[in-house]
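Trainee:
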Amino acid sequence: MLAKLVLSLKSDSDKKISMSMSSVFQGVLMEVVGSKTAAWLHENQINPYSQYIQYKDNNIWWNILTATKEAFEKVIKPFMEDDVLVINVKYSDMKFEIIGKKMEQISMKSFMKQQYFTDYGHFFTINFLSPTSFKSEGNYKNYPTIHWIFRSLMKKHDAICSDNEVYDDEVLALLEEKTFITQYNLRSTVFYLEGVKIPAFLGKITILVKSSQSLVNLVNYLLMLGEYTGVGIKSSIGMGAISVEHKERGE
Numbered sequence: 323m324l325a326k327l328v329l330s331l332k333s334d335s336d337k338k339i340s341m342s343m344s345s346v347f348q349g350v351l352m353e354v355v356g357s358k359t360a361a362w363l364h365e366n367q368i369n370p371y372s373q374y375i376q377y378k379d380n381n382i383w384w385n386i387l388t389a390t391k392e393a394f395e396k397v398i399k400p401f402m403e404d405d406v407l408v409i410n411v412k413y414s415d416m417k418f419e420i421i422g423k424k425m426e427q428i429s430m431k432s433f434m435k436q437q438y439f440t441d442y443g444h445f446f447t448i449n450f451l452s453p454t455s456f457k458s459e460g461n462y463k464n465y466p467t468i469h470w471i472f473r474s475l476m477k478k479h480d481a482i483c484s485d486n487e488v489y490d491d492e493v494l495a496l497l498e499e500k501t502f503i504t505q506y507n508l509r510s511t512v513f514y515l516e517g518v519k520i521p522a523f524l525g526k527i528t529i530l531v532k533s534s535q536s537l538v539n540l541v542n543y544l545l546m547l548g549e550y551t552g553v554g555i556k557s558s559i560g561m562g563a564i565s566v567e568h569k570e571r572g573e
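Residue numbers (the numbering used here): 323 to 573.
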């Protein structure tokens, strides 16, 4: 099961809200879900949830997304309780009133029917909503490539769908061969984490898949799942949030 909870927040302060604050909000999440769930989450090499902050025109949204039923029960449901009305961010001495809660759910079966068994066009636009980065051999990769994007998405998929794994070196090589970045509008940025600046990027890219419909459908499925899992590193603390624009064939 996939789920998304959006909390609309109102701050008691005039302080500017940055995307990097989502790392502090993760601490709030751990307090709300409790020590047992926090310990369970820390055991996962790839977490079954992601979260990030959006701030625009003095509006603040905290997005919490889960990719399994267990994660939904343990991570999102506690925030749906009637007594969860205020978010206290102790590190920055700020308090946020929850003025709205919106939740969406979809079963994995329905999601696959919509995103894998529906034929989409060959162009996709990926919007990187929060600072995004990849890491390999100890080095940060603060730019998107087909290799890093789909390697990450396949690994995240297999972590939550262990009975239906998709990662394969040959499939990844085929994606690199048949998928092209046709447009981009990107800028470099950093994500602040405990005094460390993580090199990252924001913006959007458009990709073209020059291959069979089955590969196009796989690309669509992985990208749309990425809206829940995030892409790249540290999606559980606010990095790598994406949204995807696509069209069905013939539109």
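Each residue gets a CB set at the ideal place from its N, CA and C atoms; glycine is no exception.
Taking Ile448 and Lys526 to be in contact with their CB atoms under 8 Å, please state how far apart those CB atoms are, rounded to whole angstroms.
Mentor: At roughly 6 Å, the Cβ-Cβ gap stays under 8 Å, so Ile448 and Lys526 are in contact.
Trainee: Going by C-alpha distance, which of Lys500, Glu487, Arg473, Ser536 is nearest Gly554?
Mentor: Here the closest residue by C-alpha is Arg473.
Trainee: If you reduce the DSSP assignment to three classes, tell me which class Ile368 lands in.
Mentor: Residue state, collapsed to three classes: coil.
Trainee: Assuming the contact rule is C-beta atoms closer than 8 Å, Lys423 and Met402 should be a hit. Round their C-beta distance to whole Å, please.
Mentor: Confirmed, Cβ separation roughly 7 Å.
Trainee: Can you tell me whether Thr511 is buried or exposed? The criterion is at least 16 other CB atoms within 10 Å of its CB, across all chains shown.
Mentor: It is buried - the Cβ of Thr511 has at least 16 other Cβ atoms within 10 Å.
Trainee: Three-state secondary structure (DSSP) at Pro466?
Mentor: DSSP places Pro466 in coil when its eight states are reduced to three.
Trainee: Which residue wins for smallest C-alpha separation from Ser536, given the options Thr440, Asn464, Thr454, Lys396?
Mentor: When only C-alpha atoms are compared, the closest one is Thr440.
Trainee: Using DSSP with H/G/I as helix, E/B as strand and the rest coil, what is Asn486?
Mentor: Coil at Asn486, not helix or strand.
Trainee: Have a look at Ser557, Leu524, Ile503, Glu549 and flag the residue whose alpha-carbon is nearest the alpha-carbon of Val531.
Mentor: Of the listed residues, the one whose Cα sits closest to Val531 is Ile503.
Trainee: According to the Cβ coordinates, are Val493 and Ile409 closer than 9 Å?
Mentor: Cβ atoms of Val493 and Ile409: not closer than 9 Å.
Trainee: What are the start and end residues of the beta strand (DSSP E) that includes Leu327?
Mentor: Its beta strand (DSSP E) spans residues 324 to 333.
Trainee: Hey, out of Gly356, Lys412, Asn381, Ile368, whose CA is closest to Phe347's CA?
Mentor: Answer by Cα proximity: Lys412.
Trainee: Measuring alpha carbon to alpha carbon, tell me which of Val566, Tyr550, Ser344 ends up nearest Ile574.
Mentor: Here the chain covers residues 323 to 573 and nothing more, so residue 574 does not appear.
Trainee: Within the same chain, show all residues whose beta-carbon is closer than 6 Å to that of Glu570, passing over the 5 residues directly before and after it, in chain order.
Mentor: Once the five neighbours on either side are set aside, the close Cβ partners of Glu570 are Tyr442.
Trainee: DSSP puts Leu475 in a beta bridge; with which residues?
Mentor: DSSP output for Leu475 lists no bridge partner at all.
Trainee: Is the Cβ-Cβ distance between Phe418 and Pro466 less than 9 Å?
Mentor: Taking 9 Å as the Cβ cut-off, Phe418 and Pro466 do not qualify as a contacting pair.
Trainee: Per the DSSP calculation, Glu426 is bridged to which residue(s)?
Mentor: DSSP lists Lys326 as partners of Glu426.
Trainee: Taking all protein chains shown into account, do 16 or more other C-beta atoms lie within 10 angstroms of the C-beta of His479, making it buried, or fewer, making it exposed?
Mentor: His479 should be labelled buried.
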